[in-house]
Amino acid sequence: MLGETGVDCRVCDDIDVLIGELRDGAGFAVITEEALSKSDLRPLKNWIDGQPEWSDFPFVLLTQRGGGLERNPAAARHLETLGNVTFLERPFHPTTLVSLAQAALRGRRRQYEARARLETLRASEANLEERVQARTKELELAQEALRQSQKMEAMGTLTGGVAHDFNNLLTPILGTLDILQRRIVGERETRLITGALQSAERAKTLVQRLLAFARRQPLQTKSVDLADLVRGMADLVASTSGPRVAVRVDIPPRLPAVRTDPHQLEMAILNLAVNARDAMPEGGVLTLSASEETISGDEHDDLQPGRYIRLQVADTGTGMDEETLSRAIEPFFSTKGVGQGTGLGLSMVHGLAAQLGGSMRISSKFGVGTRIDLWLPLSGNGITAPEDNVAHSETRHFGAVLLVDDEPLIRMSTADILTDLGYSVTEAGSAEEALQLVEGGFAPDVLITDHLMPGLTGTQLAGRIRDQLPKTIVLIISGYAEVDGIAADVPRLTKPFRESDLARMLQSITKGAVTFPQA
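Using our numbering, you'd call the opening residue of the sequence shown number 809 and step up by one each time.
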């Protein structure tokens, strides 16, 4: 009957054959009640229960008593087993069976359509979920980068403040030791003073590393041929690294010049070489390489678009795990034993790169090695010749100096140095006190003033005094290399300084009048 209506029918001799047809995609099934009563229905029940959520396979069950419970007590059991079942009592008219078959096929077709819509929806949801996860990951990374940036900024501010305080303490120590060294001639006393000076210089170097991390170290920048600088350091790096480390230099000969402080950059490279050596106790390869790179768009969040030289220092050492890598540039963080490192090497390099307008990145894999990338901005000028150092002069100086500093120890030691150099010194503990002296008729030849003081800053004080005494020469002393409010061309001396540093600066600026910008 069904075949005559165009329905493709298959006859199944038992339940197992029926299940096979169901799995192959049958549209509906017609089963006799007798077949159910003679078969183990558990496999069929398992298949029906295991249908996907979109499927509810239709059955037509041929019975002798219909589907009513009053006439056919087994109907409830068949309904529980088959689920989506329609009862057809025999004998039946052929059109009734055909009608039920067509209804079952329509219902099954709608189930497949629902499956297609469900799969499309799921694909859309999966795509949306992937996009949400990707955006969430981007947001988490951005938030982590912001937290890291804020943390490093806070640590930089704290470190810079501590370094400034140390500079204020070291300045009178160095100045007093210099004076004692010049005046005491006993061998034992001289040896003790020399030892104290050496310790103070080591402390000065430590403070400079702190300032480097805080991006406030004094820099003497110039156009530098990086290829020449690195090649010139190759022997020093090799001797520092030891015989078990092979040092390779891979730098093109005609790289554009970079704007940097060559001394500080050499120290940075040496620090990186020492770190690499310590990471290769069994030996390995240390590679110094460089290339020109153009940064555009948002390739690097911490770099402005432009042309850079990318300096790489790579080793084949032990590498770092993720936790160590995340803290690598924190000041005083070190994986070395007590007394084997300050934990300031990478901090200093990171601060130097940022202060130069560049950046530093660390890539490391535990057990494989570490690579440090430094981006240094190109110089706008050609290579400059090395500057001649102003030699320390033993010539006695004469003139009146107005010395202004709110720190009594610094003011006292600086006054002693100036007196030792031959100057007549008048001290003032504040800008207001200095102005009172000038307004009272005192006309100094040189004004030496601290910059950061309560009330007026040193720059503001200098401007006020230059209004009244245009010929007065100005020297500003600061604990930081870069301070807001001080013009770049104003002579300045960075704390802590030695007697020779102050003498050299005064010898330089007193050769001619200094044009001081109005505050």
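Each residue gets a CB set at the ideal place from its N, CA and C atoms; glycine is no exception.
Spatial neighbours of residue 1304 in its own chain (CB-CB distance under 6 Å, excluding positions within 5 residues in sequence) are listed in chain order as 975, 978, 979, 982 and 1012.
About 7 Å separates the beta carbon of residue 1232 from that of residue 1209, a gap short enough to meet the 8 Å contact definition.
Here DSSP, grouped into helix, strand and coil, assigns residue 828 to helix. Residue 1111 sits away from residue 1117, with the two beta carbons spaced by 8 Å or more.
The criterion of a C-beta distance shorter than 8 Å is satisfied by residue 1154 and residue 1136. Between the segment 924–943 and the segment 889–902 there are fewer than three C-beta pairs closer than 8 Å, too few to call the two in contact. Per DSSP, residue 1045 is one residue of the alpha helix (DSSP H) stretching across 1034–1049.
Within the same chain, Cβ atoms closer than 8 Å to the Cβ of residue 1176 are found at 1124 and 1127, the five residues on either side in sequence being excluded. Within the DSSP bridge table, the entry for residue 1168 names 1182 as partners. A direct Cα-to-Cα measurement between residue 810 and residue 925 gives close to 30 Å. Residue state for residue 872 is assigned as coil, using DSSP reduced to three classes. Rounded to whole angstroms, the gap between the alpha carbons of residue 826 and residue 897 is 22 Å. A residue is called buried once 16 or more other Cβ atoms fall within 10 Å of its Cβ, and residue 1270 is buried on that count. Taken atom to atom, the span from the alpha-carbon of residue 1221 to that of residue 984 is near 6 Å. In the three-state reduction of the DSSP assignment, residue 1215 falls in the coil class.
Annotated three-state conformation of residue 920 is helix, per DSSP. Residue 1031 is bridged by DSSP to 1067. If you compare the alpha carbons of 1253, 1261, 865 and 1163 with that of residue 1277, the shortest gap goes to 1253.
By DSSP's assignment, residue 1235 forms a beta bridge with 1211. Residue 1163 holds the alpha-carbon nearest to the alpha-carbon of residue 1069 among 945, 1008, 1286 and 1163. With a beta-carbon spacing of about 6 Å, residue 919 and residue 864 fall inside the 8 Å limit used to define contacts. Secondary structure of residue 984 (DSSP, three-state): helix.
With contacts defined by Cβ atoms closer than 8 Å, residue 922 and residue 866 do not form a contacting pair. If you draw a straight line from the Cα of residue 1218 to the Cα of residue 1242, it comes to about 16 Å. As far as DSSP is concerned, residue 989 takes part in no beta bridge.
DSSP assignment within the segment 841–914 yields the following whole beta strand (DSSP E) runs of 3 residues or more, N-terminal first: 867–871 and 893–897. Collapsing the DSSP output to three states places residue 1012 in a helix.
Per DSSP, reduced to three states, the secondary structure at residue 1119 is strand. DSSP places residue 1274 in the uninterrupted alpha helix (DSSP H) bounded by 1266–1276. Residue 838 holds the alpha-carbon nearest to the alpha-carbon of residue 893 among 838, 939 and 904.
Shown here for residue 909: same chain residues with a beta carbon closer than 8 Å to its own, the five before and five after excluded, namely 810, 813, 815, 836, 838 and 868 in chain order. By DSSP's assignment, residue 1286 forms a beta bridge with 1302. Within the model, the alpha-carbon separation for residue 872 versus residue 895 is close to 10 Å.
Look at the beta carbons and you see the segment 1026–1038 not touching the segment 987–995: under three pairs across the two are nearer than 8 Å. Residue 838 sits in a strand when the DSSP states are folded into three classes. With a threshold of 16 other beta carbon atoms within 10 Å, residue 840 falls short and is exposed.
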